[in-house]
Amino acid sequence: MTSTFLRHELKAFWRSKNTGKSIAIRIVMGFFILYLFINMFVLGLFLNDILAKVFPKEDLVVSFCGILLMYFLFDLFTRLQLQELPTLRVQPYLQLPVKRNALVRYLAFTSLLSVFNLWPFVLFVPFIIKIISTDSGGVVALAFIVSLAGLTVFNNYFALYLKRKANLNGWIFLIAAGVIILIGLSDFFWHLFSIRKFSYLFFGNLVTHPVLAIAPLLLGAVMYYLNFSYLKDNLYLEELGSRKVAKYKSSTEYPLLSRFGSVGDLVANEIKLVFRNKRSKSAFIMGLFIMLYGLIFYTNPKMNNDSYKVFVSMFMTGIFIINYGQFMYSWQASHFDGLLVSKIKFSEFLKAKYLLFTIISTFFLLLTTPYAYFGWKTLLIEVVMYLWNIGVNTTLVLFFANRNYKRIDLSKGAAFNWEGVSGNQWILSIPLLVAPYVIYGPFAILHHNDAGLAMLAVVSLVFIFMRGFWIKKLEADFYNKRYTIAEGFRNK
Amino acid sequence: MIEIKNLKKVYNGVTVVNVPGVEIRKGESVGLVGNNGAGKTTLFRMVLDLIRPETGQVLLNGENVAGHEHWKNYTASYLDEGFLIDYLTPEEYFYFIGGLHQQTQVHVDDYLAGLTDFFNGEILKKGKYIRDLSKGNQCKVGVASCLLQNPELLMLDEPFANIDPSTQFRLKSILKDLNKNKGVTTLISSHDLNHITDVCDRILLMEKGVIIKDIATSSSTLNELEEYFGVGQTISIETKVDAE
Numbered sequence: 001m002t003s004t005f006l007r008h009e010l011k012a013f014w015r016s017k018n019t020g021k022s023i024a025i026r027i028v029m030g031f032f033i034l035y036l037f038i039n040m041f042v043l044g045l046f047l048n049d050i051l052a053k054v055f056p057k058e059d060l061v062v063s064f065c066g067i068l069l070m071y072f073l074f075d076l077f078t079r080l081q082l083q084e085l086p087t088l089r090v091q092p093y094l095q096l097p098v099k100r101n102a103l104v105r106y107l108a109f110t111s112l113l114s115v116f117n118l119w120p121f122v123l124f125v126p127f128i129i130k131i132i133s134t135d136s137g138g139v140v141a142l143a144f145i146v147s148l149a150g151l152t153v154f155n156n157y158f159a160l161y162l163k164r165k166a167n168l169n170g171w172i173f174l175i176a177a178g179v180i181i182l183i184g185l186s187d188f189f190w191h192l193f194s195i196r197k198f199s200y201l202f203f204g205n206l207v208t209h210p211v212l213a214i215a216p217l218l219l220g221a222v223m224y225y226l227n228f229s230y231l232k233d234n235l236y237l238e239e240l241g242s243r244k245v246a247k248y249k250s251s252t253e254y255p256l257l258s259r260f261g262s263v264g265d266l267v268a269n270e271i272k273l274v275f276r277n278k279r280s281k282s283a284f285i286m287g288l289f290i291m292l293y294g295l296i297f298y299t300n301p302k303m304n305n306d307s308y309k310v311f312v313s314m315f316m317t318g319i320f321i322i323n324y325g326q327f328m329y330s331w332q333a334s335h336f337d338g339l340l341v342s343k344i345k346f347s348e349f350l351k352a353k354y355l356l357f358t359i360i361s362t363f364f365l366l367l368t369t370p371y372a373y374f375g376w377k378t379l380l381i382e383v384v385m386y387l388w389n390i391g392v393n394t395t396l397v398l399f400f401a402n403r404n405y406k407r408i409d410l411s412k413g414a415a416f417n418w419e420g421v422s423g424n425q426w427i428l429s430i431p432l433l434v435a436p437y438v439i440y441g442p443f444a445i446l447h448h449n450d451a452g453l454a455m456l457a458v459v460s461l462v463f464i465f466m467r468g469f470w471i472k473k474l475e476a477d478f479y480n481k482r483y484t485i486a487e488g489f490r491n492k
Numbered sequence: 493m494i495e496i497k498n499l500k501k502v503y504n505g506v507t508v509v510n511v512p513g514v515e516i517r518k519g520e521s522v523g524l525v526g527n528n529g530a531g532k533t534t535l536f537r538m539v540l541d542l543i544r545p546e547t548g549q550v551l552l553n554g555e556n557v558a559g560h561e562h563w564k565n566y567t568a569s570y571l572d573e574g575f576l577i578d579y580l581t582p583e584e585y586f587y588f589i590g591g592l593h594q595q596t597q598v599h600v601d602d603y604l605a606g607l608t609d610f611f612n613g614e615i616l617k618k619g620k621y622i623r624d625l626s627k628g629n630q631c632k633v634g635v636a637s638c639l640l641q642n643p644e645l646l647m648l649d650e651p652f653a654n655i656d657p658s659t660q661f662r663l664k665s666i667l668k669d670l671n672k673n674k675g676v677t678t679l680i681s682s683h684d685l686n687h688i689t690d691v692c693d694r695i696l697l698m699e700k701g702v703i704i705k706d707i708a709t710s711s712s713t714l715n716e717l718e719e720y721f722g723v724g725q726t727i728s729i730e731t732k733v734d735a736e
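Those sequence lines, one after another, are chains X and V.
What the first sequence shows, in our numbering, is residues 1 to 492, in sequence order.
What the second sequence shows, in our numbering, is residues 493 to 736, in sequence order.
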C-alpha cells in the first residue's frame, strides 16, 4: 500500500502545474540544495579542524561529544518552525477501503523524507569515520551512528507531534519554543548547567559502552509509536489539516485612504491582501529585515562609500516594490475575473498600485531615517533612492506585471514556494539592479559622485511627474494582454 | 439589451461556443441550460469580456463589450468564487462593491438589512473571511453583491448549485421580483430544470457550443426539457450535477 501511495505522490509532484512547467526553476532549486549539501559536507569533513580551533584546550572527541546534543536541540528548534506536516494529502483515501494503519504508516514514513533528517549524517558521519573509528574502533563508530539515527528519528517525530498539537492550540508552539530558548539561555547566559557536559556524559560513555546506543534508538521508537497512535486516533480532516483554529476576523477600515475614493478603496484592499495572507506578509516582513542592510554596510569602512550607499538605499526603501511587485498581479489572481467585470477603470487600478507603493516606500524611508547617524549624506542618498523607487522602479515593475500570467495561491507559505515564479522575475531583476548604475556609474567613475546623484534625482522626478503618461501607456498595454493574463490566472 | 453576433470560441481546434446570433431584449428573463461542457460558462465569460472570442462580438445596449467599460456600470454578475475577494470579510467586500457604485456604508448596511432572510444569519458579523465560508455561503455573498449594485442586467452561473433548499426558494422569489417588478434583465444558467423553468420566461438550450433550442416557457417546457436530457430513458432521471 505504501508503494501505491508513493507512486501517487510522485505523480502529484510531476504533474502539478507548478513543478511540471518550468524545469529551469527545478534546476535552480536543485543547485541550491546541492550547494547547501556541499557546504554541510565540507563542514562535516573539516569538523575536526574546526573543533580543534574553537576548543583548543579540549580533547577532540570530548568537544565532539559536547556539541552533539546542542546540535539536536538547535535542530528541534528549526524543525518546529520549518518542517512541514505531511497532512491533507491522505484526504482522498480516507473514505476508501484502505486500512487506517496503512495510512498512518505512510504519513509517518513520508515525514522521514525531510531534508532535515539528512543533515546530522552529512555533518557528523565524516568525523565519526575519521576520528572515532580510528581511535576507538568500528563498533563504537557504529554505536555513534546508531545514536545519531535514533536522535534524528526522535527529533523528527517529536517536532511533528508538537506541531500537530500546536495546530489545535497555538500556545503549545510558544511554550515549546520558549522551553528550548530557556534551555539555551540557562546554559549560555546564566550558566545554570552545561548542555555540552550533559551531552558528553552520554556520548563519552558511549565510547566505553557502545551498548548504550540502544537508549536513543529506544527514544526514537517510543516517539514514533506515540506519534503513530496519536495520528491514528485523530485521523479526521479538521484535525489533520495544517489550518489553525480560526479566530474572529474583524473588519478594518483605513479612514485616511477613503479620501482617495475608489483608488483608496483599492489600496485598502491590497493592504489587507498583504497582511492577511502568509506569502505576501512575508514579502513585507522580509522588507523589515532588509532594513538591517544599513547596519552591515555602513559600519564596514570598506563599503561605506557612496556607490554602496546607492545600492543599499535602493534596497532598503524599495525592497517591497521589488519583492512584492515582481509577482504583480498574480497576488490578485484568485479574484482577477471579479476585478475585470466590476466597475473599476484600469487606470484607477494602476493609480492604486502607484499609491500603494508610494505609501509603503514612504514607510520604509521613515524607518531608515536613523541611518542619518552615519552622516547627513547617507540620508540624502536614501531620499534620492526613495524617489527613484517610487518613480522609476514602480513603473518598471508594473510594466513587467502586464507580462506576468502565473497564478499564485495566496494561502500557501513563502518558504521554498516557487509558485508564480517564471522567467519574468529573472529578467525583471536585471533592469531593477542595473538601471541606477547606468546613470550613476559613469559619474562615479569620473569621481563626480554628487553629479551622478543629482542625475538620479532628476530622472526620478521626471518619472514621477510623468506618472499620468505612464499610466496611459500601461493601460493601453494592459488592454492588449488582459485576456492572456486572466486566462493564466484561471489556470490552477 | 444583449446582442450576440456570430460569436465563436475555439480551444485546441474544438469549437466550444458557436452562436450565430441571439438577441435578448430588455426586461427578459432568460435561462441557459445544457450538459457539462455545452459552453454555458464560456458564453457567459465572453459576454463579460473575460475571454476573447475567435470571431464575432457581444453588444450590450448596442455597445461592444470588448474595448468599452461603460457596460460595467449597469451589469452585475457572479460566475464563480473567482469573483470574490476572498481575504476580505463579507462586510468589507460589500462596502467595497458599494463604494465602486458611490454608495455610502450606511446605504450598504441598509440594503443588506433587507437581505437578512436570504443570508439566514450565516454571512454578516460572523467574523470570517470570505475564503473561510462554505461554497454555498460564498455564493450568497456573490449574489448579494450583485443585487447591491442595482443592475439593469444580472448574470448568474448556476446560482442554485451549492445553496440550501430554503435559500433556493428565496433566491427564486428575489429573481422573479427583480425581473417582474424592477424590470431587470436576467440571464441565469442552471442544471435544475424545475427552478429554471420556474424563474425564466425564455429558455436557451445549448449543446456542444450551439444553441439548439430557444423556447418561451410554457406549461409543457419542463416536459420538453426533461425529454431532451433524459435521453432514451423510460423514467427520466434528473441528474443534478454540481459546478462543472
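Just so it is clear, CB atoms sit at the ideal spot from N, CA and C, and this is done for glycine as well.
Each residue's CA atom was taken as its position, placing Y230/X and D477/X some 56 Å apart. For Y254/X, the secondary structure class from DSSP, reduced to helix, strand or coil, is coil. Nearest to S637/V by alpha-carbon distance, out of N686/V, K617/V, G613/V and L607/V, is L607/V. About 7 Å separates the beta carbons of I131/X and V61/X, which is inside the 8 Å limit, making them a contact pair.
Cβ proximity to chain V below 8 Å picks out nothing from the region 96 to 118 of chain X.
Scanning its chain for C-beta atoms nearer than 7 Å, with the 5 sequence neighbours on each side dropped, one finds around F399/X the residues L474, in chain order. Taking C-beta separations shorter than 6 Å and ignoring five residues to either side along the sequence, the partners of G220/X in its chain run G150, V153 and F154, following chain order. It is roughly 21 Å from the alpha-carbon of K353/X to the alpha-carbon of V384/X. A straight line joining the alpha-carbon of S186/X with that of Y570/V spans about 59 Å.
Comparing alpha-carbon positions, the option among E515/V, G531/V and F536/V lying closest to L646/V turns out to be F536/V. Between L542/V and D337/X, the C-beta spacing is below 7 Å. Under the 10 Å beta carbon count, A372/X is surrounded by fewer than 16 other beta carbons and is classified as exposed. Under the DSSP assignment, R105/X falls in the alpha helix (DSSP H) whose first and last residues are R100 to S111. Around the C-beta of W376/X, fewer than 16 other C-beta atoms lie within 10 Å, and the residue is accordingly described as exposed. The residue from K351/X, L34/X and L367/X with its alpha-carbon nearest to that of T317/X is L367/X.
Within the region 342 to 384 of chain X, the complete alpha helix (DSSP H) runs of at least 4 residues fall at 346 to 368. Taken through DSSP and simplified to helix, strand or coil, M314/X comes out as helix.
Note: Q549/V is bridge-paired with K497/V in the DSSP secondary-structure output. The C-beta distance from S361/X to N389/X rounds to 5 Å, short enough to meet the 8 Å contact threshold. In the assembly as shown, F469/X is an exposed residue. Its beta-carbon has fewer than 16 other beta-carbons within 10 Å. Classified as exposed, P512/V has fewer than 16 neighbouring CB atoms from the shown chains inside 10 Å of its CB.
Counting only unbroken stretches of 3 or more residues, the beta strand (DSSP E) elements lying wholly within the region 624 to 655 of chain V are 645 to 649, in sequence order.
The C-beta of S280/X comes no closer than 7 Å to any C-beta of chain V. Shortest Cα-Cα distance from G184/X to any of L69/X, F284/X and R164/X involves L69/X. In the DSSP assignment, L697/V falls within the unbroken beta strand (DSSP E) covering R694 to E699. Annotation for T507/V: G701 place their beta carbon closer than 6 Å to its own, counting only its chain and skipping 5 residues before and after. Scanning the region 521 to 592 of chain V for uninterrupted alpha helix (DSSP H) segments of 4 residues or longer gives 532 to 539 and 582 to 592, listed from N- to C-terminal end. Note that the region 340 to 357 of chain X does not touch the region 424 to 431 of chain X; fewer than 3 beta-carbon pairs, one per stretch, sit closer than 8 Å. Here DSSP, grouped into helix, strand and coil, assigns D684/V to coil. DSSP lists L697/V as the beta-bridge partner residues of K705/V.
Rounded to whole angstroms, the separation of the alpha carbons of L551/V and V557/V is 6 Å. Sequence-distant partners of S258/X (beyond 5 residues in either direction) whose C-beta falls short of 8 Å from its own C-beta, in its chain, are G264, D265 and A268.
Interface criterion not met: the Cβ of G590/V is under 7 Å from no Cβ in chain X.
G613/V sits in coil when the DSSP states are folded into three classes, being neither helix nor strand. Using a CB distance cut-off of 7 Å, N504/V does not count as an interface residue toward chain X. Closest option to V635/V, judged by alpha-carbon separation, among L604/V, N504/V, S521/V and E718/V: L604/V.
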